[in-house]
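**Q**
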Amino acid sequence: MSDDERMHGTGSEVAGAPASSESTPHFHRRVTSFRARRSTISDNQQAVWDRLWPSLGTQARDGEHPAGLLDTDAWFGRHAPVVLEIGCGTGTSTLAMAHAEPDIDVVAVEVYRRGLAQLLAAIDRASATDPVPNIRLIRGDGVDVLTHMFPTASLTGVRVFFPDPWPKARHHKRRLLQPDTVALIADRLAPGGILHAATDHLGYAEHVAEVGDNEPRLRRVDPARADLPISVARPVTKYERKALAGTTVAELLWERT
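Listed below in structure tokens is the structure:
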């Protein structure tokens with residue numbers, strides 16, 4: 028996750044995306060997997076946000092009301108496999124992986140506005156020389172998005188990279204990848220679809236491995252398998268290079284049976 032504020036941004040209407048209002052989104056009063064943070068975006072990022080968000084972004088909620096199902100064909104202007112990335116942070120992996128797979132549409136979800144603003148700015152910079160038209164953004168909670176915006180068997184892949192491990196035992200209930208959420212992901216994946224999770228926290232890796240292996244609709248797969256429907260070649264981010272030197276990253280993959 029990026030070091031960002033809790034959501035309070037503007038709404039928008041985009042082709043194929045649910046309508047949202049200018050009001051502040053409010054989430055269910057449930058245990059969430061994200062922390063409340065405050066930060067600002069630069070004037071340049073705000074200008075890019077004002078210009079690109081109406082066409083590339085939408086909200087997971089309009090006030091207390093969850094958004095409806097997405098029409099991804101209309102939003103992207105084509106019919107293509109869809110990958111959902113939950114917790115895209117600043118979008119480094121999102122941009123690189125979408126660029127490497129132009130035939131796959133990527134929907135990036137992030138709670139924090141600053142991370143989405145940084146991703147929008149990166150998309151804008153890339154558009155000058157090497158456009159990446161296959162990314163759309165949702166501001167909101169990943170579970171909300173899975174529950175209300177995608178139907179059963181609609182996704183070719185779900186990516187969850189470096190979710191907050193909530194290492195203290197009393198906070199484990201806040202972890203995103205719990206049995207209920209993994210079951211929801213399995214339902215939204217099409218047969219053959221891939222769940223790709225990555226974490227640098229050993230305890231969380233063990234937890235995720237157990238939860239994924241216990242979901243009857245998922246089967247563990249080898250990342251080196253040649254016939255996977257999406258790339259699992261995750262780029263090494265600036266965060267990893269600086270913070271994870273010498274730390275083992277667990278790459279965990281399952282296929283929807």
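Each residue of the sequence shown is one higher than the one before, counting from 28 in my numbering.
Where a beta carbon is used, it is the ideal one built from N, C-alpha and C, also for glycine.
Out of Glu-233, Arg-244, Val-138 and Pro-190, which has the shortest C-alpha to C-alpha gap to Ala-213?
**A** For Ala-213, the closest alpha carbon among the candidates Glu-233, Arg-244, Val-138 and Pro-190 is that of Arg-244.
**Q** Closest to Asp-70 by CA distance: which of Gln-145, Gly-104 and Ala-253 is it?
**A** Out of Gln-145, Gly-104 and Ala-253, the CA that lies nearest to the CA of Asp-70 is found in Gln-145.
**Q** In terms of residue numbering, what span does the alpha helix (DSSP H) encompassing Glu-278 cover?
**A** No alpha helix (DSSP H) holds Glu-278; the beta strand (DSSP E) holding it covers 277 to 283.
**Q** Spell out the partners DSSP gives Ala-224 in its beta bridges.
**A** Note: Ala-224 is bridge-paired with Val-187 and Leu-279 in the DSSP secondary-structure output.
**Q** Whole-angstrom Cβ separation of Asp-77 and Ala-107, contact assumed at under 8 Å?
**A** Wrong, their Cβ atoms sit about 28 Å apart, outside the cutoff.
**Q** Write down the C-beta distance between Thr-183 and Val-134 rounded to the nearest angstrom, noting that I regard them as a contact closer than 8 Å.
**A** With a Cβ gap of about 11 Å, Thr-183 and Val-134 do not count as contacting.
**Q** Just to confirm, is the Cβ distance from Gly-16 to Leu-222 under 9 Å?
**A** Here the chain has residues from 28 to 284 only, and residue 16 is not among them.
**Q** From the DSSP output, in three-state form, read off Gln-145 for me.
**A** Of the three classes helix, strand and coil, the one that applies to Gln-145 here is helix, per DSSP.
**Q** Just to confirm before moving on: does the CB-CB distance between Thr-284 and Arg-246 stay below 9 Å?
**A** Going by C-beta atoms, Thr-284 is nearer than 9 Å to Arg-246.
**Q** Report yes if the C-beta distance between His-126 and Val-159 is below 9 Å; otherwise report no.
**A** In this structure, Val-159 lies closer than 9 Å to His-126 by Cβ.
**Q** Taking the CB atoms as reference points, tell me whether Leu-211 and Thr-156 lie closer together than 9 Å.
**A** With respect to Thr-156, Leu-211 sits apart: the two C-beta atoms are not nearer than 9 Å.
**Q** DSSP state of Thr-172, grouped into three classes?
**A** In the sequence as presented, Thr is not what sits at residue 172; that position holds Val. Of the three classes helix, strand and coil, the one that applies to Val-172 here is helix, per DSSP.
**Q** Taking the beta strand (DSSP E) that Arg-201 falls in, what are its first and last residues?
**A** Segment: none, Arg-201 is in no beta strand (DSSP E) and carries neither H nor E.
**Q** Taking Gly-239 as part of the alpha helix (DSSP H), name the residues at either end of that continuous run.
**A** 229 to 241
**Q** Please return the same chain residues whose Cβ sits closer than 7 Å to the Cβ of Gly-219, not counting the five positions on each side in sequence.
**A** Pro-256, Glu-282 and Arg-283
**Q** Could you check what DSSP says for Pro-81 in three-state terms: helix, strand or coil?
**A** helix
**Q** Could you tell me if Ala-46 is buried or exposed, where buried requires 16 or more neighbouring beta carbons within 10 angstroms of its beta carbon?
**A** Here the model assigns Ala-46 a pLDDT of 45, short of 50, so the residue's position is not dependable, and the following value carries that caveat. Residue burial annotation: Ala-46 is exposed, with fewer than 16 other C-beta atoms found within 10 angstroms of its C-beta.
**Q** Which same chain residues end up closer than 7 Å to Asp-130 when comparing Cβ atoms and leaving out the 5 residues on each side of it in sequence?
**A** Ala-107
**Q** Could you name each continuous beta strand (DSSP E) segment of 3 residues or more that falls completely within the stretch 95 to 133, going from the start of the chain to the end?
**A** 109 to 113
**Q** Taking its Cβ as the centre, do 16 or more other Cβ atoms sit within 10 Å of Asn-161, making it buried, or is it exposed?
**A** buried
**Q** Return the CA-CA distance between Glu-112 and Ala-180, expressed in angstroms with no decimal places.
**A** 16 Å
**Q** Is the separation between the beta-carbon of Arg-261 and that of Phe-188 shorter than 9 Å?
**A** Going by C-beta atoms, Arg-261 is nearer than 9 Å to Phe-188.
**Q** Tell me whether Arg-215 is buried or exposed, calling it buried when 16 or more other Cβ atoms sit within 10 Å of its Cβ.
**A** buried
**Q** Does the beta-carbon distance from Leu-96 to Met-176 come in below 9 Å?
**A** yes
**Q** What is the residue span of the beta strand (DSSP E) that Ile-162 lies within?
**A** 162 to 166
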